[in-house]
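Chemist: Order-wise, the sequence lines are chains A and B. If you count the first sequence from 1, position 42 lands on 155 in our numbering, and the numbers rise without skipping. If you count the second sequence from 1, position 220 lands on 232 in our numbering, and the numbers rise without skipping. In this text, a Cβ means the ideal position worked out from N, Cα and C, and glycines have one as well.
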Amino acid sequence: MTKMVPLPSKSIVPERDAEHEPILETHRLGIDFGGLTAVDEVTLAIGRTEISGLIGPNGAGKTTVFNMLTNVYKPTRGDIMLDGKPTQGKSVAQVSRMGIARTFQNIRLFDQMSVLDNVKVGLHNDIHQSLLASVTHAFGFRKSEKEANERALEFLSFFNLDKFAYQKAGSLPYGEQRRLEIARALATEPKIILLDEPAAGMNPSETAELMENIRKIRDKYRIAVLLIEHDMSLVMNLCEGICVLDHGKVIAKGTPDEIKSNPKVIEAYLGKKKEK
Amino acid sequence: MNLLTNLINGIGLGSVYAIIALGYTMVYGIAKMLNFAHGDVIMVGAYMCFCATTYLNLPVPAAILIAMVVCTVLGVLIEGLAYKPLRRAGSLAVLITAIGVSYFLQNMALLIWGSAPKTFTSVVPFGAVSLFGGELIISWETIITVLANIVIMIGLALFTKMSRTGKAMRAVSEDKDAAELMGINVNKTISITFAIGSALAAIAGVLLCSSYPVLMPTTGSMPGIKAFTAAVFGGIGSIPGAMLGGLLLGIIEIFAKSYISTQLSDAIVFGVLIVVLLVKPTGLLGKKIAEKV
Numbered sequence: 114m115t116k117m118v119p120l121p122s123k124s125i126v127p128e129r130d131a132e133h134e135p136i137l138e139t140h141r142l143g144i145d146f147g148g149l150t151a152v153d154e155v156t157l158a159i160g161r162t163e164i165s166g167l168i169g170p171n172g173a174g175k176t177t178v179f180n181m182l183t184n185v186y187k188p189t190r191g192d193i194m195l196d197g198k199p200t201q202g203k204s205v206a207q208v209s210r211m212g213i214a215r216t217f218q219n220i221r222l223f224d225q226m227s228v229l230d231n232v233k234v235g236l237h238n239d240i241h242q243s244l245l246a247s248v249t250h251a252f253g254f255r256k257s258e259k260e261a262n263e264r265a266l267e268f269l270s271f272f273n274l275d276k277f278a279y280q281k282a283g284s285l286p287y288g289e290q291r292r293l294e295i296a297r298a299l300a301t302e303p304k305i306i307l308l309d310e311p312a313a314g315m316n317p318s319e320t321a322e323l324m325e326n327i328r329k330i331r332d333k334y335r336i337a338v339l340l341i342e343h344d345m346s347l348v349m350n351l352c353e354g355i356c357v358l359d360h361g362k363v364i365a366k367g368t369p370d371e372i373k374s375n376p377k378v379i380e381a382y383l384g385k386k387k388e389k
Numbered sequence: 013m014n015l016l017t018n019l020i021n022g023i024g025l026g027s028v029y030a031i032i033a034l035g036y037t038m039v040y041g042i043a044k045m046l047n048f049a050h051g052d053v054i055m056v057g058a059y060m061c062f063c064a065t066t067y068l069n070l071p072v073p074a075a076i077l078i079a080m081v082v083c084t085v086l087g088v089l090i091e092g093l094a095y096k097p098l099r100r101a102g103s104l105a106v107l108i109t110a111i112g113v114s115y116f117l118q119n120m121a122l123l124i125w126g127s128a129p130k131t132f133t134s135v136v137p138f139g140a141v142s143l144f145g146g147e148l149i150i151s152w153e154t155i156i157t158v159l160a161n162i163v164i165m166i167g168l169a170l171f172t173k174m175s176r177t178g179k180a181m182r183a184v185s186e187d188k189d190a191a192e193l194m195g196i197n198v199n200k201t202i203s204i205t206f207a208i209g210s211a212l213a214a215i216a217g218v219l220l221c222s223s224y225p226v227l228m229p230t231t232g233s234m235p236g237i238k239a240f241t242a243a244v245f246g247g248i249g250s251i252p253g254a255m256l257g258g259l260l261l262g263i264i265e266i267f268a269k270s271y272i273s274t275q276l277s278d279a280i281v282f283g284v285l286i287v288v289l290l291v292k293p294t295g296l297l298g299k300k301i302a303e304k305v
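#1: On a CA-only basis, which of B:Thr133, B:Ala160, B:Ala279, B:Ala211 is nearest Val88 (chain B)? Give me that one, please.
#2: What does the Cβ neighbour count give for Gly172 (chain A), buried or exposed, with the cut at 16 atoms within 10 Å?
#3: Can you find a C-beta in chain B that's less than 9 Å from the C-beta of Asp230 (chain A)?
#4: Whole angstroms is fine: what's the gap from Phe206 (chain B)'s alpha carbon to Leu222 (chain A)'s?
#5: Let me know if Val338 (chain A) comes out buried or exposed under the rule of 16 or more other beta-carbons within 10 Å of its beta-carbon.
#6: Name the chain B residues that come within less than 7 Å of Asp145 (chain A), Cβ to Cβ?
#7: Evaluate the contact criterion for the segment 21-31 of chain B versus the segment 168-181 of chain B: three or more CB pairs, one atom per stretch, below 8 Å.
#8: Are there 16 or more other CB atoms within 10 angstroms of the CB of Tyr287 (chain A), so buried, or fewer, so exposed?
#9: Got a sec, what are the start and stop residues for the beta strand (DSSP E) Gly195 (chain B) sits in?
#10: Compare the C-alpha of Asp153 (chain A) against each of A:Gly191, A:Asn180, A:Ala265 and name the closest.
#11: In chain order, what residues of the segment 186-212 of chain B put their CB closer than 8 Å to some CB of chain D?
#12: Could you work out which residue in A:Ile164, A:Met211, A:Gly169 is closest to His343 (chain A) when comparing CA atoms only?
#13: Taking all protein chains shown into account, do 16 or more other C-beta atoms lie within 10 angstroms of the C-beta of Gln118 (chain B), making it buried, or fewer, making it exposed?
#14: Go through its chain and collect everything with a Cβ distance to Ala242 (chain B)'s Cβ below 6 Å, but skip five positions before and after it.
#15: In the structure shown, what three-state DSSP assignment does Phe240 (chain B) receive?
#16: Tell me whether Lys366 (chain A) is buried or exposed, calling it buried when 16 or more other Cβ atoms sit within 10 Å of its Cβ.
#17: Which one of B:Leu123, B:Ser103, B:Asn69, B:Val72 has the shortest CA to CA distance from Thr230 (chain B)?
#18: Any beta-carbon of chain B closer than 9 Å to the one on Ser400 (chain A)?
#19: State yes or no: is the C-beta of Met181 (chain A) within less than 9 Å of the C-beta of Leu195 (chain A)?
#20: Give the interface partners of Ala183 (chain B) over in chain A, defined as CB-CB distance under 9 Å, in chain order.
#21: Which residues, taken in chain order from the segment 302-331 of chain A, show a beta carbon closer than 7 Å to some beta carbon of chain B?
#22: Contact between the segment 200-216 of chain A and the segment 299-313 of chain A is defined here as three or more beta-carbon pairs at a separation below 8 Å; is this criterion met?
#23: For chain B, is any of its Cβ atoms less than 9 Å away from the one on Ala365 (chain A)?
#24: Taking the runs of the alpha helix (DSSP H) that are 4 residues or longer, which of them lie wholly in the segment 167-231 of chain B?
#25: Give the range of the beta strand (DSSP E) segment to which Glu154 (chain A) is assigned.
#26: In whole angstroms, give me the CA-to-CA distance for Met234 (chain B) and Val287 (chain B).
#27: Give me the chain A residues within the contact set of Lys179 (chain B), using Cβ-Cβ distance strictly less than 8 Å, ordered along the chain.
#28: Anything in chain B within Cβ reach of Ser209 (chain A), meaning under 7 Å, just list it in chain order.
#29: Please compile the residues from chain B whose C-beta is within a distance smaller than 9 Å of the C-beta of Val338 (chain A).
#30: Rounded to the nearest angstrom, what separates Gly26 (chain B) and Ile263 (chain B) at their Cα positions?
#31: Closer than 6 Å by C-beta to Leu70 (chain B): which residues in its own chain qualify, once you throw out the five before and the five after it? Chain order, please.
#32: Check the DSSP bridge columns for Thr301 (chain A) and list the partner residues they point to.
#33: How many whole angstroms separate the CB atoms of Ile150 (chain B) and Ala160 (chain B), which I take to be in contact at a CB cut-off of 8 Å?
#34: Using DSSP's beta-bridge definition, name the partner residues of Asp359 (chain A).
#35: If contact is defined by three or more beta carbon pairs under 8 Å, each pair taking one atom from either stretch, is the segment 148-162 of chain A in contact with the segment 351-363 of chain A?
#36: May I ask you to report which of helix, strand or coil DSSP gives Pro376 (chain A)?
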């Protein structure tokens, strides 16, 4: 497999991944909304087991990038390669099955369904049901249902949510809902998980726990994590590679240390120094 | 005894409304659209059963099966050809299309079977049960209808609760986009919903025409509208709501017919709907719709 783009010199692929092909690559990705360019020229490469961050001021186009990666928005320009395969022309559900999962900035659980069922919806993925199969599904129903239950409970206990399994998802406290959303996304067995502001609304101890969880997810499931986050201490401590977006364009890429000292990033966040 | 007879007849008619209302409510819950052609699918189901027994001399179970298969295919076709291309269009466009499909089906039936009413032979070969020395007479059609309704309700409740497809349906009805991002094929889920709703419409058509044996191209339209009313009455999108709404509507209709006025009965039925919606706009068991602020 030849690489679509030569990796940028300041690659955000960490060294231990460098010999592998990136799990997710975008090449000059861009989207216009009625003549307005929201995102342009976004070229990224994310390693197979890398935790990376997408940061930038409000309105920089971070969530728009997530929406393009999951094919919710069709990019106007550029390509996305997931595990070496283009996602262009695929449906949202197909892209999800190719191995990309996400959570939402404003939690979007299936509130009326039980916590367990929320995760089981995620498991839906690996069963290719035809119309006929769903009718004949009654046969052997118990066995597959038991397996699904066990697997769903495994994901729940990973996030300490197993005790809530039979409660309605909408009745969970906020922090638990955020964890459940990650559990549900993981149940689709993704190769990369996109987290949209996972620490939003969390207190420092919850944030610390979340960071621990994200590391645990990567280590246990050997997948990549790409997160959007405004909590800079989380991003700088957790992410191995960071990409900074401003006005829809990538203004910097690199390790946390490189990003911290990058004058363009400081300018984007704090504004330009007044010239005397 | 008269009261009891009316109550039982009301439950019988209400069970038919409930089965039809399920089709409306499931489709609304999942595709967020009102399928006004649903009533006419009932008519097609009844005609299919009629043709299979009258012209092909098939036994009743086979005739019902044929009606269900034809209606299932019809439902999936209607969805695929008429509604699917409008998935991203406004809800008004879909509504008008549904009304168009309704007229299309009625006129196709007119073309094929003519306008003269056909006498539907009841699929129930028994007479009636006479209780208390002939004071209380219950027709077997009513008994079978009520039993069918109960079986369908339990079956559907288990299906949506337990099966994977049922879970997918609930997920799609709550958040279509999130469900899609979980890898659920939303289009297929909607197709399955139409298939189930249409198969139920076939059963409803056969049961309706067994109790009220006049079959013509417009047979489905009034029960369709009343079942839609029942679905709204019970809270559209809610399966127990469709059940409750259908039963109440049937009982109110029969009581209005026997105690107030036959001519006024429909006016009373819709009057009750208006009152309920004024007091509780989401219907009896409807979910509160949280407004995003």
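Modeler: According to the data block:
#1: Your numbering for residue 88 (chain B) matches position 76 in the second sequence. Val88 (chain B) has its Cα closest to that of B:Ala211, out of B:Thr133, B:Ala160, B:Ala279, B:Ala211.
#2: Here residue 172 (chain A) is taken as the residue at index 59 of the first sequence, counted from 1. Taking all protein chains shown into account, Gly172 (chain A) has fewer than 16 neighbouring C-beta atoms within 10 Å of its C-beta and is therefore exposed.
#3: Counting from one through the first sequence, the residue named residue 230 (chain A) turns up at place 117. For Asp230 (chain A), at least one C-beta of chain B is nearer than 9 Å to its own C-beta.
#4: As a first step, residue 206 (chain B) must be located in the second sequence, where it is residue number 194. As a first step, residue 222 (chain A) must be located in the first sequence, where it is residue number 109. If I take the Cα positions, the gap works out to 25 Å.
#5: By one-based count along the first sequence, residue 338 (chain A) stands at place 225. Per the 10 Å Cβ criterion, buried.
#6: On the first sequence, residue 145 (chain A) is found 32 positions in, with the first residue counted as 1. Near Asp145 (chain A) there are no residues of chain B at all, since even the closest Cβ is about 19 Å away, more than 7 Å.
#7: no
#8: Indexing the first sequence from 1 puts residue 287 (chain A) at position 174. Its Cβ having fewer than 16 others within 10 Å, Tyr287 (chain A) is exposed.
#9: For the purposes of this step, residue 195 (chain B) is taken as residue 183 along the second sequence, with counting starting at 1. Where Gly195 (chain B) is concerned, there is no enclosing beta strand (DSSP E), given that its DSSP letter is neither H nor E.
#10: The count along the first sequence starts at 1 and reaches residue 153 (chain A) at position 40. Among A:Gly191, A:Asn180, A:Ala265, the Cα nearest to that of Asp153 (chain A) belongs to A:Gly191.
#11: Protein chains A and B are contained in the structure displayed, whereas chain D is not.
#12: In the first sequence, residue 343 (chain A) corresponds to position 230, counting from 1. Of the candidates A:Ile164, A:Met211, A:Gly169, the one whose C-alpha sits nearest the C-alpha of His343 (chain A) is A:Gly169.
#13: Indexing the second sequence from 1 puts residue 118 (chain B) at position 106. Under this definition Gln118 (chain B) is a buried residue.
#14: On the second sequence, residue 242 (chain B) is found 230 positions in, with the first residue counted as 1. Tyr29, Ala33, Gly257, Gly258, Leu261, listed in sequence order.
#15: Position 228 of the second sequence holds residue 240 (chain B). Residue state, collapsed to three classes: helix.
#16: Position 253 of the first sequence, counted from the start, is the residue given in the question as residue 366 (chain A). Lys366 (chain A) comes out buried.
#17: As a first step, residue 230 (chain B) must be located in the second sequence, where it is residue number 218. Comparing alpha-carbon positions, the option among B:Leu123, B:Ser103, B:Asn69, B:Val72 lying closest to Thr230 (chain B) turns out to be B:Leu123.
#18: This structure cannot settle anything about residue 400 (chain A), because the visible part of chain A is limited to 114 through 389.
#19: Indexing the first sequence from 1 puts residue 181 (chain A) at position 68. Indexing the first sequence from 1 puts residue 195 (chain A) at position 82. No, the Cβ-Cβ distance between Met181 (chain A) and Leu195 (chain A) is not below 9 Å.
#20: The count along the second sequence starts at 1 and reaches residue 183 (chain B) at position 171. What Ala183 (chain B) touches in chain A: Phe223, Met226, Asp230, Asn231, Val234, His237.
#21: none
#22: yes
#23: In the first sequence, residue 365 (chain A) corresponds to position 252, counting from 1. Not closer than 9 Å to any Cβ of chain B, the Cβ of Ala365 (chain A) fails to qualify, so no.
#24: 176-186, 188-193, 198-223
#25: Taking the first sequence and counting its residues from 1, the one referred to as residue 154 (chain A) is at position 41. DSSP places Glu154 (chain A) inside the beta strand (DSSP E), whose first and last residues are 149-159.
#26: Taking the first residue of the second sequence as 1, we reach residue 234 (chain B) at position 222. Taking the first residue of the second sequence as 1, we reach residue 287 (chain B) at position 275. Taking the straight line from one Cα to the other gives about 20 Å.
#27: Here residue 179 (chain B) refers to the residue found at position 167 of the second sequence. Result: Met226, Asp230, Lys233, Val234, His237.
#28: If you number the first sequence from 1, residue 209 (chain A) lands on position 96. Here the neighbours are Leu193, Met194, Gly195.
#29: Here residue 338 (chain A) refers to the residue found at position 225 when the first sequence is read from its first residue. Result: empty, since nearest Cβ-Cβ is about 16 Å, beyond 9 Å.
#30: Mapped onto the second sequence, residue 26 (chain B) falls at position 14. Mapped onto the second sequence, residue 263 (chain B) falls at position 251. Answer to the nearest angstrom: the Cα atoms are 6 Å apart.
#31: Your numbering for residue 70 (chain B) matches position 58 in the second sequence. If we look at Leu70 (chain B) and ignore the five residues flanking it on each side, its Cβ neighbours are Ala64.
#32: On the first sequence, residue 301 (chain A) is found 188 positions in, with the first residue counted as 1. Paired residue(s): none; Thr301 (chain A) is not in a bridge.
#33: The residue labelled residue 150 (chain B) in the question sits at position 138 within the second sequence. The residue labelled residue 160 (chain B) in the question sits at position 148 within the second sequence. In fact, because the Cβ distance is near 15 Å, the residues do not count as touching under 8 Å.
#34: Reading the first sequence from its first residue, position 246 is the one you call residue 359 (chain A). According to DSSP, which records beta bridges pairwise, Asp359 (chain A) is partnered with A:Lys362.
#35: yes
#36: Taking the first sequence and counting its residues from 1, one reaches residue 376 (chain A) at position 263. For Pro376 (chain A), the three-state secondary structure derived from DSSP is helix.
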